[in-house]
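Numbering (this note's numbering), first residue to last: 4 to 522. Think of the CB as a built atom: it goes at the ideal place given N, C-alpha and C, for glycine as much as any other residue.
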């Protein structure tokens, strides 16, 4: 993503500077060339605004208009192939990358000034679909013997592709020289493994890759190059560099149609709340392909995030027919139904999921937690308590199940000392989540420790100021501490922000009565 920011800055500085100079140095009406620059500037701005707002298609459309008017403008070309890659339009990205390289040749650009991305795209295109002999020729102009760059492209990806290019062309000594010169410590394990594989290929040892027991050297090379792009994509995702992660995983997916890359790309898109794009991506996996059912499960989850629950449930019913995915499909159906307040149907799905559990593990805590919530919403406290206790039993460190069970006991004036201990643990393990701070403060209140409960209830109210239950709790505490005017204010705020989901615990009439009469 860094190169996109640099490109955008160069575009704005160069064009704005040009226009300012024209404004002060020329007094005549703009000629055809000047009008073209002014028109392109409008496209630049529109593209930049669109990109910042996440409208990448709009950004591309504006840049495509600009390139028609100024076909050799490398700034436009650079932005275009980066955006094409980001959107997964590989052929257009390759076309613009090749154009950039040709312009560099015509302009005789120095090797030190060359941008790596067009050469990367072109080399991968030749590697996968063209003449592999051209790969070293394309990349040698960019890579010195030291390979000491610290960025992903210069210091990691390009040397690895070059090394594999030499290996496929059976020039193993050059391959080892390139790969041994790489100094990116954080990818050392990846390079060591690639070197070992190249060494096996050089010595005619048997090498297997996923789905292919007798791969060619080219197939081996593409497999490990794709894996490297995927590794960097995951590294970028963990670092919060989502656009960079998207591009690297898009490239991995271009090199290989391995479903793992589709899954990872979908995760990145969903992390950016791009659920429509993720749904489209999952839909590209065909029924006879690896990962089809899993992609359908992911699609259903993405659909549910868009509140398209009927579509999601229909897909999940089909996915549930595959035994290996039955648990997740039925559990996910239950969570969708629970969120939709269809509690009986949710319980039915959860119980169906429970039947497919072969061996109980802490991963199943959420099933029993949600069962407990669903039963609680239906007023079946006995079943609710039973399932919540099971959730705590199989995963005692989970703060959500600790909080829900302990708070439910507080509401019923049951097991208050035990609830306090559970909530102390939940506060620590949640990092001080506001709703859990409220529960802990309320436990202290229930035990008569009013002053001790004050900082917890106040912090919860400051974090979630318009929650009726939290305002009610702090109002009760203020009343006990003699702060009656503030108590009435909070009870009134609880009324003003009252929601139906609070109706099991609170009522507007009860709050009004407290405002009138106090505690």
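Does at least one heavy atom of the ligand COA sit under 6 angstroms from the Cβ of residue i?
i: residue 212; result: Of the ligands one can find in the structure shown there are none, so the ligand COA has no counterpart to examine.
Could you say which of the options lies nearest to residue i if we only look at CA atoms?
i: residue 72; options: 431, 60, 272, 47; result: 47
i: residue 325; options: 382, 488, 480, 295; result: 295
i: residue 60; options: 442, 83, 339; result: 83
i: residue 74; options: 203, 51, 399, 106; result: 106
i: residue 260; options: 299, 213, 141; result: 213
i: residue 396; options: 414, 483, 371; result: 371
i: residue 390; options: 267, 373, 403; result: 373
If you count every other CB in all the chains shown that lies within 10 Å of the CB of residue i, and 16 or more means buried, which is it?
i: residue 499; result: exposed
i: residue 168; result: buried
i: residue 287; result: exposed
i: residue 558; result: The requested residue 558 does not occur in the structure, where the chain is confined to residues 4 to 522.
i: residue 519; result: exposed
i: residue 401; result: buried
i: residue 510; result: exposed
i: residue 468; result: exposed
i: residue 513; result: exposed
i: residue 118; result: buried
Just how far apart, CA to CA, sit residue i and residue j?
i: residue 219; j: residue 125; result: 22 angstroms
i: residue 384; j: residue 378; result: 7 angstroms
i: residue 434; j: residue 236; result: 29 angstroms
i: residue 362; j: residue 306; result: 30 angstroms
i: residue 80; j: residue 103; result: 7 angstroms
i: residue 62; j: residue 85; result: 11 angstroms
i: residue 289; j: residue 303; result: 16 angstroms
i: residue 90; j: residue 178; result: 32 angstroms
i: residue 337; j: residue 422; result: 28 angstroms
i: residue 405; j: residue 425; result: 6 angstroms
i: residue 95; j: residue 134; result: 19 angstroms
i: residue 507; j: residue 393; result: 23 angstroms
i: residue 480; j: residue 466; result: 17 angstroms
Just curious, the alpha helix (DSSP H) that residue i is in, first and last residue?
i: residue 495; result: 487-499
i: residue 125; result: 119-132
i: residue 168; result: 161-171
i: residue 179; result: 175-183
i: residue 236; result: 220-241
i: residue 256; result: 245-258
i: residue 358; result: 346-358
i: residue 453; result: 453-466
i: residue 3; result: This structure cannot speak to residue 3, because the chain is shown only from 4 to 522.
i: residue 402; result: 402-414
i: residue 474; result: 471-483
i: residue 107; result: 93-110
i: residue 282; result: 278-286
i: residue 60; result: 59-72
i: residue 379; result: 368-380
i: residue 420; result: 419-433
i: residue 139; result: 137-143
i: residue 271; result: 262-274
i: residue 306; result: 295-308
i: residue 331; result: 326-342
| Cβ contact check for the region 278-291 and the region 110-118: 3 or more pairs under 8 angstroms | no
| task | Please confirm if the region 204-212 is in contact with the region 242-255, defined as three or more CB-CB distances below 8 angstroms between the two stretches. | result | no
| request: Specify whether the region 193-206 and the region 91-101 touch according to this definition: at least 3 beta carbon pairs, one from each stretch, less than 8 angstroms apart. | output: no
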